[in-house]
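The structure appears right after this line, and notes come after that.
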Amino acid sequence: MNKFSYSKLEKLFNQMTLRERFTMFSALIICTFLIAYFWIIDPATIQQAKLQRTLQKSVQAEKVINNEIEMINKRLQEDPLKEINNKIAFSQATLVQLDKQLDEKLVKFIHAQKMPIALTKVLSKSPGVRISALTSLPVKVFNADKGATEEVNKSPFYQHTLQITLQGDYNAIYQYLLNVESIPEKFYWHSLNYKVSNYPLAEVTLKIYTLSDQQDLVSG
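Residues in the sequence shown are numbered consecutively from 8, following this note's numbering.
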């Protein structure tokens, strides 16, 4: 039976033309290639693609980790307190500058004990005016704030106030006040009360004060 089958196949093969034989061999080669591709080559290709994707992900993850390690090493090499120290240094420099500006302004104010002397000297430039009373009022903290911090309350400013009563006519008193304003040292005007006592004479009660960061005497 097998011999008959082989003989029959051989007979059929011999009856084929050269073109038919070539076509049959081509079909066999193609079928063999397809079987090999789908069962051997294609699974291997898919597996290789998966491995490549996994490898790419691993490489990317490694790059990310290396970048993080580099950043951490860079931070470790830097001084962790550098930024804080820079802020502290800047704040200290600002505070020193503000203190310097404040000291310059305070120096311009008249010394508390020199106020009566300066006001009395102005009389020589203001004829027709006399001082009937000169009183030094109690020293008090300037602009005390109940809500201020403890650090601020440790360094308050003090107000030294002087009350002076003048007598003279309007023009003489006016000239005296102008002369007071021309004193090189500075002070604040607190209040001024003008009252005609016996026309044309008038009586003026004024309060002026100076500031210092010391409750006692300060340098002028």
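All C-beta atoms in this analysis are idealised placements derived from N, C-alpha and C, irrespective of residue type, glycine included.
Quick check on residue 98: does DSSP put it in helix, strand or coil?
Numbered from 1 along the sequence shown, position 91 holds the residue referred to as residue 98. The answer is helix: DSSP assigns residue 98 an H, G or I state.
Thinking just about the alpha-carbon of each residue, which of 140, 209 and 62 is nearest to the one in residue 180?
On the sequence shown, position 173 is the one that residue 180 refers to. Out of 140, 209 and 62, 209 has the C-alpha closest to the C-alpha of residue 180.
Determine the direct distance from the alpha carbon of residue 60 to that of residue 40, and round the result to whole angstroms.
Here residue 40 refers to the residue found at position 33 of the sequence shown. Here residue 60 refers to the residue found at position 53 of the sequence shown. When rounded, the distance between both Cα atoms is 27 Å.
Where residue 190 and residue 121 are concerned, what is the direct C-alpha to C-alpha distance, given to the nearest angstrom?
Position 183 of the sequence shown holds residue 190. Position 114 of the sequence shown holds residue 121. Near 12 Å, if we compare the C-alpha coordinates of residue 121 and residue 190.
For residue 143 versus residue 169, is the C-beta distance shorter than 8 Å?
Translated into the one-based positions of the sequence shown, residue 143 becomes position 136. Translated into the one-based positions of the sequence shown, residue 169 becomes position 162. Cβ atoms of residue 143 and residue 169: closer than 8 Å.
Can you tell me whether DSSP reads residue 33 as helix, strand or coil?
Here residue 33 is taken as the residue at index 26 of the sequence shown, counted from 1. Three-state DSSP puts residue 33 in a helix.
Does residue 182 come within less than 8 Å of chain B when only Cβ atoms are used?
Of the protein chains in the structure, only one exists, and it is not chain B.
In three-state DSSP terms, what is residue 183?
Working through the sequence shown from its first residue, we reach residue 183 at position 176. If DSSP states are grouped into helix, strand and coil, residue 183 belongs with the helices.
From residue 211 to residue 195, what does the alpha carbon distance come to, in whole angstroms?
The sequence position of residue 211 within the sequence shown is 204, counting from 1. The sequence position of residue 195 within the sequence shown is 188, counting from 1. Rounded to the nearest angstrom, the two C-alpha atoms are 17 Å apart.
Assign residue 95 to buried or exposed, taking buried as 16 or more other Cβ atoms, counted over all protein chains shown, within 10 Å of its Cβ.
Here residue 95 is taken as the residue at index 88 of the sequence shown, counted from 1. Classification for residue 95: exposed.
Is residue 144 helix, strand or coil when you go by DSSP?
Residue numbering aside, residue 144 sits at position 137 when the sequence shown is read from its first letter. It is coil, neither helix nor strand.
Would you grab the beta carbon distance between residue 207 and residue 177 for me? Rounded to a whole angstrom, and I think it's under 8 Å.
As a working mapping, residue 207 is identified with position 200 in the sequence shown. As a working mapping, residue 177 is identified with position 170 in the sequence shown. Contact holds; Cβ gap of about 7 Å.
For the beta strand (DSSP E) that contains residue 130, what are its first and last residues?
Here residue 130 is taken as the residue at index 123 of the sequence shown, counted from 1. Counting along the chain, residue 130 falls outside any beta strand (DSSP E), and DSSP gives it neither H nor E.
Separation of residue 36 from residue 24, as counted between CA atoms:
Walking along the sequence shown from the start, residue 24 turns up at place 17. Walking along the sequence shown from the start, residue 36 turns up at place 29. So the alpha carbons of these two residues sit roughly 18 Å apart.
Whole-angstrom C-beta distance between residue 163 and residue 146, which should lie under 8 Å
Walking along the sequence shown from the start, residue 146 turns up at place 139. Walking along the sequence shown from the start, residue 163 turns up at place 156. Not quite, the Cβ-Cβ distance comes to about 11 Å (not below 8 Å), so this is no contact.
Indicate the three-state DSSP secondary structure (helix, strand or coil) for residue 198 in the structure shown.
Along the sequence shown, read from residue 1 onward, the residue named residue 198 stands at position 191. Residue 198: strand per DSSP, three-state reduction.
Pair within 8 Å by beta-carbon distance, residue 199 and residue 185
Position 192 of the sequence shown, counting from 1, holds the residue named residue 199. Position 178 of the sequence shown, counting from 1, holds the residue named residue 185. Not in contact: residue 199 and residue 185 (Cβ atoms no closer than 8 Å).
By Cβ distance below 7 Å, which residues in the same chain neighbour residue 135 in space, the five residues on each side in sequence not counted?
For this step, residue 135 is matched to residue 128 along the sequence shown. So the qualifying residues of the chain are 175, 176 and 179.
From the DSSP output, which residues share a beta bridge with residue 215?
Reading the sequence shown from its first residue, position 208 is the one you call residue 215. Answer by DSSP bridge pairing, in chain order: 169 and 196.
C-alpha gap between residue 141 and residue 101, whole angstroms:
Taking the first residue of the sequence shown as position 1, residue 141 is located at position 134. Taking the first residue of the sequence shown as position 1, residue 101 is located at position 94. Taking the straight line joining both Cα atoms gives about 41 Å.
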